[in-house]
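K.L.:
At position 9 of the sequence shown the residue is numbered 616 (our numbering), and the sequence of numbers has no breaks. Beta carbons are placed, not taken as given, at the ideal position from N, Cα and C, and that holds for glycine.
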Amino acid sequence: MLIVNFFATYSFELETFRLTRMISLAVLVLYFLFHKRVKGLLLVMAFAFFMSREVGYQFFESLWGTEWYMASAMLGYLFLFLDRLPFIKYGFSIWIIVLALILIAATLTILVTLGELARPNLNSHAELIFFYGYGIALIFLILAAFYYNHVLNSTRSLLYTFMVFGFMMSDIAACLAYYNKVTSLYYVDRGFFILSMAMLTHFGLNLHGAKRERKDLKMLR
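Given below as structure tokens:
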């Protein structure tokens with residue numbers, strides 16, 4: 608799947624490699640939906656909004672397409688955040704709070720910098736609001752992944768952290784590639800996006816790991 612996306616990025620115009628990315632995601636979503644019998648509603652909603660984002664991506668140059676893309680991504684990230692929310696109630700300490708504040712400061716700095724780079728190319732004030740809402744939702748997800756891994760420190764939580772890191776790298780690369788015309792970064796965007804969605808699919812299908820986490824959560828209570 609990575610090779611197909613890299614080939615499409617190298618060989619075809621923007622519209623074609625956007626369609627290739629949407630088809631790749633659709634394959635992963637269908638695999639998730641038909642492979643697993645019991646599904647968490649929040650994860651299903653996240654997958655649905657990620658597919659919705661790809662629809663907006665096909666029409667990104669139109670006003671509604673840009674806003675649809677950003678709003679769908681924001682909601683997808685928020686549903687992933689809500690899915691991990693039960694793990695954010697335990698194990699607080701001073702150093703964790705300090706690290707979280709440092710992480711917030713760093714990610715907000717990146718978001719504001721990207722916002723300033725993108726602002727001249729945005730078509731409306733609403734787009735700018737969606738842009739920052741999209742970024743803030745990702746920051747919430749980054750914090751959730753950081754704390755979730757701190758609480759459980761398991762292979763599954765580490766996979767989730769890598770997945771979120773991939774989403775962050777993909778979004779940063781896509782922003783720079785599109786708004787700053789650094790087209791080589793589309794390869795970074797595609798690579799991290801496909802890997803992160805594959806990790807999310809594996810995460811959602813890992814019923815044994817989810818069951819063990821529920822037991823761990825009861826012990827934390």
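#1: Please go through the segment 634 to 708 and give each complete alpha helix (DSSP H) segment of 4 or more residues, from N-terminal end onward.
#2: Which of the three DSSP states is assigned to T762 in this structure?
#3: What's the gap between the Cα of D778 and the Cα of R691?
#4: With 16 other CB atoms within 10 Å as the buried threshold, where does V634 fall?
#5: Is the beta carbon of L792 sitting closer than 8 Å to the one on A780?
#6: Please determine if the segment 614 to 626 and the segment 784 to 801 are in contact, where contact requires at least 3 C-beta pairs separated by less than 8 Å.
#7: DSSP state of M608, grouped into three classes?
#8: Whose C-alpha, out of G740, I703, R726, is nearest the C-alpha of L715?
#9: Here's the rule I'm using: 16 or more other beta-carbon atoms within 10 Å means buried, otherwise exposed. How should G811 be labelled?
#10: Starting from the Cα of D823, find the closest Cα among M804, F800, S764, L682 and give me that residue.
#11: Considering only the alpha carbon of each residue, which of V771, E668, S659, F694 lies closest to S803?
#12: Return the first residue and the last residue of the alpha helix (DSSP H) that R726 is part of.
#13: Am I right that T673 and E723 are in contact with their C-beta atoms under 8 Å? What's the rounded C-beta distance?
#14: Can you find at least 3 beta carbon pairs, one from the segment 681 to 689 and one from the segment 746 to 758, that sit closer than 8 Å?
P.N.:
The answer reads as follows:
#1: 648 to 665, 670 to 691
#2: helix
#3: 21 Å
#4: exposed
#5: yes
#6: yes
#7: coil
#8: G740
#9: buried
#10: S764
#11: V771
#12: Neither: R726 is in no alpha helix (DSSP H) and is coded neither H nor E.
#13: Incorrect: roughly 17 Å between the Cβ atoms, too far for contact.
#14: yes
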